Structure formats: structure tokens, C-alpha cells
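Down below is the structure, laid out as C-alpha cells.
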Amino acid sequence: MGILKNWQIYIHHPLVLLGLNSTIIGLLTLIPFWQLIVIPCLIVGWLAQKGSKSFFTGFLSTVFGWGIYYLITLLRHDSAVLANYFTNLLFGNFSIGWIILLLSLLIGGLVGGLSGYLGYIGYEFRKRMNLEPHTQINTPKN
Amino acid sequence: MKRSEIFKGGSAFVVLIILLEVFSFPLMGFPPLGSLFFPGNSVWENQIDLEAKSIIEESSLTHSVTVYRDQYGIPHIFGKKESDVIFALGYTMAQDRLFMMEMARSITRGNMSSLLGSNMIEVDKYNLAMLKDYYSVKTYQALVKGAQTDPELATILMQLERFCDGVNYFIEHTTLLPLEFQLLEISMQPWTVVDTLCMAKYMAEDLTWSIEDLYHYEFLQKIGIEAYNFFLAHPRPYQIPICPNYGNYSDFTFEHLNYTFSSEGSKGSPASNNEVISMISMEMRLLYKKLSQFPQEQQREELGSILGSNNWVVDGNLTASGRPIICNDMHLGWNLPGIWYQAHVVAPPLNLWGFFLPGVPYPLVGQNSYVSWGFTNTYFDSIDWYYYQEINSTHYVHDGEITPYEYIPYRISTKEGENVEYNIKITKEGPVFSDFLDNSSEYSFSADYAIACQWIAHNVSWELRAFYNYAHAQNRADFDIASTYFWLPSQNHAYADVWGNIAIRPTGKIPIRDTSKLSDPKMGYGQFPFNGSAGEGKWLGWLPFDELPVSLNPEQHYLVSANQIAAGPEYMTAHGNQTYQTYYSNGYRARRINQLLTNATNLTIDSMKHIQLDTYSIKAENFIPILLNEMSNLSNNFEIPFNEQQILQGLSNWDYQMDAASWEPTIFKLWVEILKEEIFLDEFMEWNTIEFIPYISDALVEYVLKNPRLDEWFDNISSATHENRQLTVYQSFNKAISTLQNYFANQPYIDWKWGSLHINKFNHLTGLSGFDYGPVPANGSADTINPSYGNIWQNNEISQAVSLGGASERWICDWGRLNESVSIIPSGQRGVIGSEHFMDQLMLFLAGDYHLNYFTYDNVDNFPPNLVESVLIFSKEAE
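For the protein sequence lines, the chains are R and V, in the order given.
The working numbering puts the first residue of the first sequence at 1, with every later residue one more than the last.
The working numbering puts the first residue of the second sequence at 143, with every later residue one more than the last.
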């Protein structure tokens, strides 16, 4: 049970954050408010504690969470063909439907990444404001 | 905190907010892109194709129902009770065509602003003023009342309610409404019996509503009564009547066609009160222009020439099977999804197959085990316009007496949440439309006269009872009784039955007008507005059903309708010199079908396919020899260039097929359009009404070409010289060739393909071009059995003809080989964008193919499993 006991250490590991956040974002696809991904991304960005890590955790977890959603949904409803109709509608080209899916992932990723980065900024801000930096968070008390 | 971090954080914040904003709010008329494409009720969650097997438990059923979808997605619905299969039919229609149903009922019932927003308020007012909603509700009330005493009405009411239950079951249980609802960001209210009843008014508007009488008035004023009769009065030349048993027009003297332009001609008016006529005429022109702005009128204008259809029946003497064959292809605007819904409904003893209108549980055309019926439009005059002297905003003069208007109050609710009060103003005849002029600055006009209309749809009417009875008819007598309930839109009912009978009857209600106050009874046919203040043209009642023209088992063994004249001269003589039609087609399709069926023997489903797909132009057969003859007799003064000689040589070998890959149709079509202009432009310029030229019937041009006594028409009245037929033909041909040479940038004439100037297009119902199909090169023309429309000569230059309509279904049923009966629609069974069955049948249609109807698989056990693509079972829980 050591891992559970020491969750405060592991929670800052990018892979752990990525896994957790992907799951949360995956679950959020069940409700029709995609903008909510900002909140978990802000939190993991805060927890990742480093600019690039925060950004990529937010970015990748959104890409994973949404990617799984697209995969399941398109297979379940045979709806990939709709992408072609939409590129036909928007750009007059019927065979580049994948662009819509790719763009959706990238934009979602960007929203997640930027939120993550803002989470990190928040963390830095909090750190500077606080006279006693959060060193104790990094040092587990056994 | 470092300054750079603050800067980065600030930028990240700004970009994030912009992204959230851009994808969360509507953009250029689109709903928020994020809610369309990003997770959570996104478009990707639309169920595109049906699951292979699904079961729905529904306790309101009396027995379980099985729905097999065949390889075209067409439902074959098997149950024990009609009420159960009709529930299932409602469900499958909702699965496939929900958006179409929503649009049809909303436009008909004046509810568009609740879907599209407040810019549709005027459209809603226009639709409400047509009283389609008002009389749909009235019909419902009459149905409910009648159901208390009449068991048949009680059954119909119950079945309509079960149908609604089926539709609403789908609406309530679907997780996501179809894509179109997402794109418009709308939800769907439950389907009601009134919605089903209003579909009769929807079709009535499509096929019989007309504001053209308003235009006729001005036209008559400008050109005078003799010219009016020449261009528009009945009978038109070269008509082969639908009902052959009232004589034919081969010996008829067309006195009204014995007219050539004369500047001395009478420019009188039809009515008793000449002094006010010019003011009325101006108000009518403005009203006509104003009403023409409404989207549905524009669409009608665009599709105006399209409305037409073919049906024919042959009896066993002419068929290989020894039993009758019925064929029907109705010509309407094309859309994706198309207008017709094919379905096969079995509840023993009922075995019913046909083309349904989404929203209606009975087929409009189709067959059961005993009878089959097909429709074409009859064009009985179903609408009259009236003008009244207006005293003030609340009173008008009706038949000499000052009378108050009545009002029907409505409230229009918009998508934005506004409520707009709207009172429809009614005269004794019907709703007032001249008030639409006041709402517009462009046509602001101080209207001294109120203009109103009376339409047959302004009644409680029983089309649904007719359709119920067609579906259950077992013989000709049953079918006749059913036909008495058929009010409008008037249709030529072609009929063939299992007993070997064939028949045809133009069916629908026809008003008897009071013409006693008119100077000329011809003015009472209904083509011109009546003076309501003088009490002209009141509707006294209906033509009795028995007096409709009809033909049963004729000696010629076949019957044909293609929107031509309903009956021969004997019928006209007996009915005040009219067939009650305002309009009918120029007759080329009917001539061709008659040509193919006369002397035909051993007809089969395959030979009928060839007739339905026929693109032989009987017009070309009649025009081209005249061209060749005149050109070969030219005097030496005229030089025919070498390439024109080649073209003429080519035309003399032409088989008159309007084939998209041929060059001959291009030249022929353009030549006739230019020829028409060369003949009539000078006179119509004199009359100041050149916009009418495209509406001149080509049959009349043929008549002028073939009758030397009309040669004066060829003279150009604005030139000093005297032109004759030969010169006009020569000039128009030259003009056609030189224009084509320019248009095709000196390509050789064999590359002037008909299909490059003439294309078909299938537009999606939403108007979003990304969901359209086409264009594709089009075979045929407006005058071939297989039709495709459009003129290629406009404003003195060539323009590509885009046909937005044509055959909306094709159906062939052989009573001797029912299992081989076939059909096709030019879209697909399922209106779901992206579905396998969204336009699978369109591909077959364009290739000239059909699919089997599987009518003879009349119970759930003998339906071949290999034809079943998906199964839907409605299970009664107790079982």
C-alpha cells in the first residue's frame, strides 16, 4: 500500500497526471459541455509544477481523452462519413474528412495545453506570493 | 515571478479565451463549431445506419410487429392488426425522415419562425393566411366529431393516433435528434393528428395553389382578349385527351387559334366595370410581385414547368402476362431526401405497398392485393381571386352591401421567444392578401381595393378518408367510393386491378361558379380575378362526382395521362366549353406515350421500363423536318456555310433521342427557343410584355409553323421588310449556330454535348450545398417521357439549364407478375445524411435501374432471410 500512502509524491509525476487527466477528460465527453476540460487541465497544470510539463500534460491528456471518444463514437455510429460531408460543406472537398477530426483534436489539445500552462502560472504565482514555499509538499512526512 | 512568465501567462490566457469564444458561439450562421464537432452530443453521435437487430418493448400494442428492412432500407412491416403496423410505420418514418416531416408541417402550419427565427415571421403570416392550418384543425375537429357516429371515421382517427404514437415514441426515446436539428439548434415537438391532416394541404399547395390569376389580369389588359385566347384559351392544339371516350381533337376547328397580331386589336377588359380596371390591374401587378418574393413562390416559379407526371395503364390484351400493367412516374422537385417514402405494410388480410408521404400512414399511390392506382396532376382550377372595394380597414363591399371583415386570430412564436399577434382578415370568399402590400416599403401602395382568394383547400376535406379507402379497396366500385372523398389536389387516377379492369378518372373537387353577372361566360372559368363587390364568381357548389370525365376498360386497351387535356370535345360541349383545367401540358409526353402504346403487344415490365426511360423527342420529330425542308429550299441568295451544311446533314440522320452525350439536342433545343423569340418578340415588345415569351407553349409554335394561315406571325412588325417562315427559320438557325460557336469557343460541333448545357442537380433539404448531389449531365428534356427541365436561352445568351426536378418516383406493377413489380426513387429511403441508404437509389435511378418491391412476400415467414438487412421487433411485453 506504499504507493497509495505516498500519493502526494506520485501525484506530481507527469505520467500519473496524464493518466488521471485523460480519464477525467474521457468521462467529461459524456456531457455536452466540452469547455469543462479547462478545469482538470488547470489543476494538473498546477500539479505538474513546470511550464512545459504542464502544457504537454494538458495537451496530451485532452488528445488522448478525446481521441478515445472519437474512436468509440465513430465506430459505434458509423459516423466517420459525416466528416466528409462537413469538409465538403466547409471546403468543397469530400475526401478530406480526417482534417476535421485532426483539427478537433489539435484545438482540444491546445485548449487543454493552454489551461495546463495557466495552471502552472497559477502555481508559480502562489509560490511567489507565499513566504514559505510549498517545499513541504515535495517532502513527504512519514 | 518573472516578467516573461507574466507575459507568457497573459498570452496563454488571451489565446485560451479566444479559442473558447470562437468554438462556443455561433459563427456565420453556423451553430457553435465546438458543440457540433467536439465531444458531448456532437454530430458524431448520430446513429447513421440501423442496428442489425433491435427490440422495442411496447405495451400499447395488441400484438408484436416485425419490421424487416431490405437491402435498400425499405421497411416491410408485418403484424396482426393494422393499428400495430401503423404504429411501427410511424416509428420507421421518424427514424428515416424526421427532419423532412418537421419542415413540411412547419411550413404548412406557419411555424417556421419557431425553427429559424424572427426573419420568418412574414413567411409564417403568408402560410397562415392561406388557411392551411386553420382548415387542418377544422378537419381534425370534424373527424373527431364524425368518429362518434361513423365507425369508419372512428377507425381512421384511431389509426392516425397510433401513427402519431409511433412517431412520438421515436422522438421520446432517441438520444439525439438527427443532424439537421443539431445544425439548426432546434428540438422537436410531438407529432399530432393535425400534422398528418395538414399534409393534404401541403400537397394541395404544392400542386394547386397559384397567384398567376393576378398576373393574367394585367396580361389580358395588355394584349387583348383575342390574343389572350390565342396564347392561353382552351383547348390547346395537339392534345390527346386523357379520357378517350369523349371524342378527340383531330377534326376540331381551333377558331381561337385563327389569330395573328393586329395593332387594331381590342385591348378591352373582361369585367363589367371598365373604369376601375387599370387601378385594379396595377394593384394586382404589385401584389403579384410582392407575393412572388416569398421563398415558396420563388421555388414554385423555379419549378413551375416541372410539375407534371406520367401514368398509364394497359389491359391484359396488350400484355405478355395477360393481366393489366400500371405505370406511374410523378414529376416533382428533387431533394435529398426525396419526397416519397416506400413501405410495405402487412396486417392480414391487408397487404399494402406504396409511396407514402412522410407523415401520412397511407400510401398516396401504390397497390394492395386487389387494386393499384397512380397519380398525375390534373390542374383543375382550384383557386379564384376576388377584388373588393374597401370602405375602411374594417369594412368592404360584398355583392353591393357594406360588410365587415371577419378575423382569425393567431399568435406566432419565434425562436427568440417573441410572440407576434397576427389576425387573418377574411372576406365572404376567403383571406385577404392585399394587406401584404402595406408591410413593404418597396411596394407601398395605398390599396383602395382588397384582394382575397378562395381556394378549395379552404374547407374541411377528406383526403385521408380517400387514402384509407384506396388502401382497402377490393374492386372498382370500392375505389370509386373512395374517390368521392378525394378533394384536392386534383389528380388523374390511373387504376388497374386484379380482376383485369383498367380505368382513369381526373378526380378532385371543382367549384361551380356563378357567372350570371359576367358579360362573357368564358371569363367565369376562373383564370381571372372576379369583382367580389359586384358579386361575381361566387362558388355555388361542386361539380357532382358523376360528372367528372372517366374512362373504364376502353376499346383501345390502354389509358394515358401526362397532364394533358382531361377530355375530348364532347365533354367540353356538355360542360360550358371547358374541362375545368386552368392549365395543361403542351402534350408532347402524352403524344409519345400514346405513340408507343398504340399497336403495342406483349408488353412486359421490361418494355414499360423502356417507356419510362424514353428520351425520344416527339417535338424534334415534328420540328426538325420543317427546319430541314426550309433550309433545303432556300433560294440562291442565301449562303449556307460548310459546317452548317454538315450540321443539317447530321440532323437529318438524328434519331431524336435527347441524349446527354449527343450534340443534336443542343442545336435543336436552342434553335426552337430562338425561333420562338424570332416569331413573337416583336409583337410582345409592342404589347410591352416580353417576360411572357418563355411561357408560350411549344405546341403553339408547332401550330404556327404548320399552318400557313398564321404566316403573318413570321413578319417582324418592327422592320420595313416582310419576313416569311423560311427567313425566320433560316435566321433563327443561323443565330443558334453562331451563338453555339461562340459559347463552345470554336470546338467542333460534335463536341456541343447536350449534357454540358443541361444538368441535373439534387439539392439537400437544408439548402446546405455540402449535402447536395450533382450536377450530372442530363438526358431528356421537358418534352420527353423521362423528363429533365430548363431553358438554355436567356437574355439573348446561352445559359446552362439546371434541372432541379423530374421523376420523383418510378413504379411498374404487372398484375400477372406481381413478384416482378419494380420501383425506384431518386434519393434513398433514409434521409439520414451519410447513411448507406441516403442516396443509394439515386445511383440506380441515374443508371436507369429499378429495384424489386417484394410485394408478394406477404408474411413474416416467407420473407427471404437473405434480403433482410436489419430487423426491428416491436414486442408486446406480455408475450
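By construction, the Cβ of each residue, glycine as well, lies at the ideal position given by its N, Cα and C atoms.
Remember, it's a predicted structure, so these values are computed and weren't measured experimentally.
Tell whether a beta-carbon distance below 9 Å holds between residue i and residue j.
| i | j | result |
| --- | --- | --- |
| Glu-786(V) | Asp-191(V) | no |
| Tyr-730(V) | Asp-840(V) | yes |
| Phe-55(R) | Gly-116(R) | yes |
| Ile-11(R) | Leu-18(R) | no |
| Gln-706(V) | Pro-500(V) | no |
| Gly-516(V) | Asn-611(V) | no |
| Leu-984(V) | Phe-913(V) | no |
| Leu-15(R) | Leu-28(R) | no |
| Val-574(V) | Ala-346(V) | no |
| Leu-240(V) | Phe-312(V) | yes |
| Tyr-530(V) | Glu-425(V) | no |
| Asp-1000(V) | Pro-466(V) | no |
Measuring straight from C-alpha to C-alpha, what distance separates residue i and residue j?
| i | j | result |
| --- | --- | --- |
| Asn-1008(V) | Ala-485(V) | 18 Å |
| Gln-868(V) | Leu-374(V) | 26 Å |
| Tyr-667(V) | Leu-842(V) | 21 Å |
| Tyr-268(V) | Gly-475(V) | 21 Å |
| Ala-80(R) | His-13(R) | 36 Å |
| Thr-291(V) | Leu-285(V) | 10 Å |
| His-540(V) | Asn-719(V) | 29 Å |
| Ser-411(V) | Thr-831(V) | Its pLDDT being 43, under 50, Ser-411(V) is placed unreliably in this model, and the value from its coordinates should be taken loosely. For Ser-411(V) and Thr-831(V), the distance between alpha carbons rounds to 16 Å. |
| Arg-304(V) | Ile-249(V) | 24 Å |
| Asn-183(V) | Ile-533(V) | 58 Å |
| Leu-701(V) | Thr-461(V) | 14 Å |
| Asn-415(V) | Ser-658(V) | The pLDDT assigned to Asn-415(V) is 44, lower than 50, so where the model puts this residue is not dependable, and the model offers no usable value. |
| Glu-417(V) | Ile-821(V) | Because Glu-417(V) sits at a pLDDT of 47, beneath the cut-off of 50, its placement in the model cannot be relied upon, and the point is left open. |
| Val-944(V) | Ile-100(R) | 31 Å |
| Tyr-837(V) | Lys-287(V) | 46 Å |
| Leu-776(V) | Asp-797(V) | 24 Å |
| Thr-518(V) | Ile-753(V) | 16 Å |
| Gln-301(V) | Leu-606(V) | 11 Å |
| Ala-413(V) | Met-665(V) | Bear in mind that the predicted position of Ala-413(V) carries a pLDDT of just 44, short of 50, making it unreliable; the figure below should be weighed with that in mind. Going from the Cα of Ala-413(V) to the Cα of Met-665(V) covers about 8 Å. |
| Asp-307(V) | Phe-229(V) | 6 Å |
| Phe-987(V) | Ser-965(V) | 10 Å |
| Gly-948(V) | Leu-110(R) | 49 Å |
Pop quiz: residue i and residue j are said to be a contact at Cβ under 8 Å. What is the actual Cβ separation, rounded to whole angstroms?
| i | j | result |
| --- | --- | --- |
| Tyr-609(V) | Ala-615(V) | The residue you asked about is not Tyr; residue 609(V) is Phe in the sequence shown. Not really, about 11 Å apart at Cβ, beyond 8 Å. |
| Tyr-521(V) | Thr-724(V) | 6 Å |
| Ala-709(V) | Cys-385(V) | 5 Å |
| Trp-894(V) | Ile-809(V) | 7 Å |
| Leu-685(V) | Ile-646(V) | Rounded, the Cβ-Cβ distance is 17 Å, inconsistent with contact. |
| Asp-457(V) | His-699(V) | 5 Å |
| Trp-629(V) | Ser-603(V) | 4 Å |
Give the DSSP-derived three-state secondary structure of residue i in the structure shown.
| i | result |
| --- | --- |
| Trp-649(V) | Residue identity differs from the one stated: residue 649(V) is Thr in this sequence, not Trp. It is a strand residue. |
| Ala-619(V) | helix |
| Asn-477(V) | strand |
| Ser-411(V) | Because the pLDDT at Ser-411(V) is just 43, under 50, the model does not fix this residue reliably, and the value given afterwards should be weighed accordingly. Looking at Ser-411(V) - three-state DSSP - the assignment turns out to be coil, as it is neither helix nor strand. |
| Arg-553(V) | strand |
| Ile-859(V) | coil |
| Thr-234(V) | helix |
| Asp-639(V) | strand |
| Arg-251(V) | coil |
| Phe-323(V) | helix |
| Tyr-612(V) | helix |
| Glu-772(V) | helix |
| Met-472(V) | strand |
| Lys-680(V) | coil |
| His-717(V) | coil |
| Trp-7(R) | helix |
| Phe-498(V) | strand |
Can you tell me which residues form a DSSP beta bridge with residue i?
| i | result |
| --- | --- |
| Pro-919(V) | Ile-901(V) |
| Thr-518(V) | Asn-634(V) |
| Leu-994(V) | Val-964(V) |
I want to check one thing, is the minimum distance from the CB of residue i to the heavy atoms of the ligand ZN below 8 Å?
| i | result |
| --- | --- |
| Gly-729(V) | In the structure shown, the ligand ZN is absent, as is every other ligand, since no ligand is present at all. |
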